[in-house]
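Q: Take a look at the following structure, please.
In this note's numbering, the protein residues as written are 1485 to 1591.
Set out below in structure tokens:
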């Protein structure tokens, strides 16, 4: 499990390395273009349910910490879906990974 740390918060969001690698690309693409956006994630039943939303801005420190040392092969369609959700009024949310060989699943 990797971690996403935003600002100087002591709160660390645990995310599996594969998902975190894809989130990293989507988030950095948005922030590189100076596009602020919301990100929402669900805590899961094991963490008391509920959800959290935070506003991501290029001027606030952001860390991606991976537990593994190998970068996964990235699924372009999954990144595109993440970017589409980040551009929506709901903001970036978890979307399941589509099959890499079927571009229709990315729509």
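Note that the Cβ used here is the ideal one computed from N, Cα and C, for glycine as well. None of the values given here were measured: they were computed from a predicted structure.
(1) Take the Cβ of residue 1506 as the centre, count every other Cβ of all protein chains shown within 10 Å, and call the residue buried at 16 or more, exposed below.
(2) Using the rule of at least 16 other Cβ atoms within 10 Å of the residue's Cβ for burial, across every protein chain shown, is residue 1573 buried or exposed?
(3) Identify the continuous beta strand (DSSP E) that holds residue 1523 and give its terminal residues.
(4) Is it right to say residue 1570 is buried, meaning 16 or more other beta carbons lie within 10 angstroms of its own, or is it exposed?
(5) Should residue 1524 be listed as close to the ligand GTP, given that the test is whether its C-beta is under 7 Å from any heavy atom?
(6) Report all residues from its chain with a CB closer than 7 Å to the CB of residue 1581; omit the five preceding and five following residues, and keep chain order.
(7) Would you identify the three-state DSSP class for residue 1577, choosing helix, strand or coil?
(8) Do you know how far the Cα of residue 1539 is from the Cα of residue 1521?
A: This is what the structure holds:
(1) buried
(2) exposed
(3) 1521-1526
(4) buried
(5) Although the ligand GTP was asked about, the structure shown includes no ligands whatsoever.
(6) 1559 and 1562
(7) Residue state, collapsed to three classes: coil.
(8) 6 Å
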